[in-house]
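Undergrad: This structure is in structure tokens; I'll ask about it shortly.
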Amino acid sequence: EPEVTQTPSHQVTQMGQEVILRCVPISNHLYFYWYRQILGQKVEFLVSFYNNEISEKSEIFDDQFSVERPDGSNFTLKIRSTKLEDSAMYFCASSVGGRSSYNSPLHFGNGTRLTVT
Amino acid sequence: ELKVEQNPLFLSMQEGKNYTIYCNYSTTSDRLYWYRQDPGKSLESLFVLLSNGAVKQEGRLMASLDTKARLSTLHITAAVHDLSATYFCAVDRAGSSNTGKLIFGQGTTLQVKP
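Residue numbers (this note's numbering), protein chains in the order written: chain V, 1480 to 1596; chain B, 865 to 978.
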């Protein structure tokens, strides 16, 4: 069964450094997302992306964050200058989208655990 | 603002017992999802509920949706240890079907003891 893949599985970085988290969504999916989960807390929406532009973003997704689909397969999340509070599990997700897929869920990757020291 | 609340947040139960997890949400929603998360793992989709009165079953899990009460339930029948995990409900806002912004509940950690 096709799946969303994320790399790396764990990233350790120093405060102030830039990080790029990578994702390969399911190939026929058109909608892409980033969510995060701080340890022991609920899953929070960051951003959705469709047709090469952001569809919606949350308050968390400030100017330090950006997303890109640099080629036909990868979807990346960049944090320009990491803070301690950015430490979390970051999940990429994708969905088919559109009316025909009204009942299809978001498919999540295994996540990247980001630790900012 | 759409809010989603689950209860209980933690549930310890014996194998063979039945129990129900509740998910309340604050405003009209198009869809309600149930996900399972094992420790350190990703979110696995269990159910997508679309309409009032919808009921779906998979093995020992059954989910239902009452849109008028803005309530979904996840019922566990004759629990087994393999069901131990954290269960999240999530909803999206009415009219926002294509943005994929899901609002998650806090999660219910289920521990099934032999």
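The beta carbon of each residue, even a glycine, is placed where N, CA and C say it ideally should be.
1) In or out: K965(B) buried (at least 16 other Cβ within 10 Å) or exposed?
2) Would you give the residue range spanned by the beta strand (DSSP E) that L1525(V) belongs to?
3) Taking the straight line between their C-alpha atoms, what separation do you get for D1542(V) and R957(B)?
4) Who are the Cβ neighbours of Q975(B) in its own chain at under 6 Å, not counting the five residues just before and after it?
5) Tell me, to the nearest whole angstrom, how far the beta carbon of T1484(V) is from that of V1503(V); I am working on the premise that it is less than 8 Å.
6) Does the separation of the CB atoms of T973(B) and H939(B) fall below 8 Å?
7) Which residues, taken in chain order from the stretch 877-911 of chain B, show a beta carbon closer than 7 Å to some beta carbon of chain V?
8) Measuring CA to CA, which of H945(B), S909(B), P978(B) and K977(B) is closest to V955(B)?
9) To which residues of the same chain is R924(B) closer than 8 Å at the C-beta, ignoring the five residues directly before and after it?
10) Can you look up R1578(V) in the DSSP assignment and give me helix, strand or coil?
11) Out of curiosity, what's the CA-to-CA distance linking A1572(V) and L1563(V)?
12) Would a check of beta-carbon distances place S1440(V) closer than 8 Å to chain B?
13) In angstroms, rounded to a whole number, what distance separates the CA positions of E1532(V) and G1551(V)?
TA: Reading off the structure:
1) Here residue 965(B) refers to the residue found at position 101 when the second sequence is read from its first residue. K965(B) comes out buried.
2) What you label residue 1525(V) is simply residue 46 of the first sequence in a count that begins at 1. First-last of the beta strand (DSSP E) with L1525(V): V1522 to Y1529.
3) Residue numbering aside, residue 1542(V) sits at position 63 when the first sequence is read from its first letter. Residue numbering aside, residue 957(B) sits at position 93 when the second sequence is read from its first letter. So the two alpha carbons sit approximately 25 Å from each other.
4) The sequence position of residue 975(B) within the second sequence is 111, counting from 1. Same-chain partners within the cutoff: S876 and S948.
5) Here residue 1484(V) refers to the residue found at position 5 of the first sequence. Here residue 1503(V) refers to the residue found at position 24 of the first sequence. 5 Å between Cβ atoms; contact.
6) The sequence position of residue 973(B) within the second sequence is 109, counting from 1. The sequence position of residue 939(B) within the second sequence is 75, counting from 1. The answer is no: Cβ separation not under 8 Å.
7) Y897, K905, S906, L907 and S909
8) Residue 955(B) sits at position 91 when you count from the first residue of the second sequence. Comparing Cα positions, the closest option is S909(B).
9) Numbered from 1 along the second sequence, position 60 holds the residue referred to as residue 924(B). Only I940, T941, A942, A943, V944 and L947 meet the Cβ criterion.
10) Translated into positions along the first sequence, residue 1578(V) becomes position 99. Any reading at R1578(V) must be qualified, since the residue scores a pLDDT of 47, below 50, and its modelled position is unreliable; the value itself is stated next. The answer is helix: DSSP assigns R1578(V) an H, G or I state.
11) Position 93 of the first sequence, counted from the start, is the residue given in the question as residue 1572(V). Position 84 of the first sequence, counted from the start, is the residue given in the question as residue 1563(V). Going by the C-alpha atoms only, they are around 24 Å apart.
12) The question about residue 1440(V) has no answer, for chain V in this structure spans 1480 to 1596.
13) Within the first sequence, the letter at position 53 stands for residue 1532(V). Within the first sequence, the letter at position 72 stands for residue 1551(V). Rounded to the nearest angstrom, the two C-alpha atoms are 14 Å apart.
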